[in-house]
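Numbering (our numbering), first residue to last: 15 to 366.
From the three backbone atoms N, C-alpha and C, an ideal C-beta is built for every residue, glycine too.
Keep in mind the model is a prediction, meaning the values are calculated, not measured.
Data block below; observations after.
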Amino acid sequence: MSGRKITIYDIAKEAGVSASQVSRAISGNGYVSEENKEIIMGLVEKYNYRPSAVARNLKKGRSSSIGFLIPHVYQEYFPYLYQKFEHEMTAKGYITIVCNGRSWCDNEIRNLQLLEDLRVDAAVIMGGTLDQINWEAYTDYIQAVKNLNSKIPCVLGTERAAELDCPGVYVDACDCVDEMMAYLAGAGYRKMGIMGGVGSVYPSVRLKALFREAAERHGLEIRPQWVVNSSYNSMDGAEAMKQLLQQKELPEVVCCVNDEVAVGAMGVALDAGMKIPGDMAFTGYGGVWLGREFRPQLTTIQFDFETMGRILAETVLGVLNGSGEKRVIPVAPWLEIRESTGGERKQPIAGR
Numbered sequence: 015m016s017g018r019k020i021t022i023y024d025i026a027k028e029a030g031v032s033a034s035q036v037s038r039a040i041s042g043n044g045y046v047s048e049e050n051k052e053i054i055m056g057l058v059e060k061y062n063y064r065p066s067a068v069a070r071n072l073k074k075g076r077s078s079s080i081g082f083l084i085p086h087v088y089q090e091y092f093p094y095l096y097q098k099f100e101h102e103m104t105a106k107g108y109i110t111i112v113c114n115g116r117s118w119c120d121n122e123i124r125n126l127q128l129l130e131d132l133r134v135d136a137a138v139i140m141g142g143t144l145d146q147i148n149w150e151a152y153t154d155y156i157q158a159v160k161n162l163n164s165k166i167p168c169v170l171g172t173e174r175a176a177e178l179d180c181p182g183v184y185v186d187a188c189d190c191v192d193e194m195m196a197y198l199a200g201a202g203y204r205k206m207g208i209m210g211g212v213g214s215v216y217p218s219v220r221l222k223a224l225f226r227e228a229a230e231r232h233g234l235e236i237r238p239q240w241v242v243n244s245s246y247n248s249m250d251g252a253e254a255m256k257q258l259l260q261q262k263e264l265p266e267v268v269c270c271v272n273d274e275v276a277v278g279a280m281g282v283a284l285d286a287g288m289k290i291p292g293d294m295a296f297t298g299y300g301g302v303w304l305g306r307e308f309r310p311q312l313t314t315i316q317f318d319f320e321t322m323g324r325i326l327a328e329t330v331l332g333v334l335n336g337s338g339e340k341r342v343i344p345v346a347p348w349l350e351i352r353e354s355t356g357g358e359r360k361q362p363i364a365g366r
């Protein structure tokens, strides 16, 4: 039987018994005579036979697998969150299947259909088209999510999850943004810019609205020419900073929609001979590795990846067990003050 994979039927044929007897002998469930058990287990060892976990689980009506859909892999946020989630699910006996949408709606739809075909027990859907501010316009995608959710439980990484009749988990940064603006005002900053994000993506539109509202409460001025939109990686931040530097008057601090944009912007500022935070300070959002390793280290709103991953796993397990409510759960970040804003400086900057 060399050259091909051994099946339970091969073992049964050589042992002279039924496939069900082989199954009982291997699992230890049900009666098999000692003589037949000895023969079967000898053949199992001889051929290094391992039963198909997928087939065994599907026979029980489950696959012990969870789909985890992300829009891309080039930002640290999604791998960080997945790592924590996967750790929790592995401890409960589940494997996770990661699908990368590559920032394209059609790919995300195919991934949703793939997870249905794979018969996963549940799916977690993060970002991508789910984050579009007008997601109702993406009718094929929304229908694919609804279709999958009608067959297996889906948990969404958005505060709008209830609109699709799903439980959800999201970052609620409202209080932390207010704390950051209070810190910046107390540190002496008065003129503020905003960098990154595009108008079609709900989380960044929401975040920039929080920036504006909190800045107004704490007396920070934001001028239209100090608000520069961009996409979300460090190269986009670099280009946005070059655009900002064309202004005759510059803000004292720039609040960015993520750490990658902030690091790209700081690199351009340093190349232009600026001192950080002396000439311009920067803040990020997310708290990924890049912001900690860059010099000066980036002040940021730090996501609680540990708690988010745990709550995602608990939510999935809850709906699988029939005990989970379709709640949308906020997870609060915290303010991580580092060198890019000057730490604990409390007095207004000289000459400003």
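Taking D250 as reference, the option from A229, N272 and R64 with the minimal CA-CA separation is N272. The three-state secondary structure of G81, taken from DSSP, is strand. F308 is a Cβ neighbour of V277, given a cutoff of 8 Å.
The beta carbon of K51 sits closer than 7 Å to the beta carbons of A39 from its chain, once the five residues preceding and following it are set aside; these are given in chain order. The DSSP-derived three-state label of F296 is strand. Under the three-state reduction of DSSP output, Y184 falls in the strand class. In the structure shown, P347 falls within a coil segment according to DSSP collapsed to helix, strand and coil.
Annotated three-state conformation of S248 is helix, per DSSP. Around the beta carbon of N335, fewer than 16 other beta carbons sit within 10 angstroms, so the residue counts as exposed. Per DSSP, A151 lies in no beta strand (DSSP E) and is assigned neither H nor E. The C-beta of Q260 has fewer than 16 other C-beta atoms within 10 Å across all chains shown, which makes the residue exposed. Between the alpha carbons of I22 and N243 lies a gap of roughly 60 Å.
By the beta-carbon neighbour count (other beta carbons within 10 angstroms, threshold 16), N62 is exposed. The criterion of a C-beta distance shorter than 8 Å is not satisfied by V134 and G182. Short of 8 Å from the beta carbon of A136, and not among the five residues preceding or following it, lie these beta carbons of its own chain, in chain order: I80, G81, I166, P167, C168, V169, V330, V333 and L334. When DSSP states are grouped into helix, strand and coil, G207 belongs to the strand group. If you look at A176, you'll find it isn't in any beta strand (DSSP E); DSSP assigns it neither H nor E.
Straight-line measurement puts the Cα of F92 at about 12 Å from the Cα of C113. Counting along the chain, the unbroken alpha helix (DSSP H) around V277 starts and ends at D273 to D285.
Residue pairing from DSSP places A136 in a beta bridge opposite I80.
Taking 8 Å as the cut-off, the Cβ atoms of A228 and M195 count as close. Where L224 is concerned, the enclosing alpha helix (DSSP H) starts and stops at Y216 to R231.
With a cutoff of 8 Å on beta-carbon distance, L349 and E253 are scored as not near each other. Taking 8 Å as the cut-off, the Cβ atoms of Q89 and Y246 count as close.
Cβ-Cβ distances below 7 Å link L326 to F99, V138, V169 and V183 in the same chain, with the five nearest sequence neighbours on each side left out; the list follows chain order.
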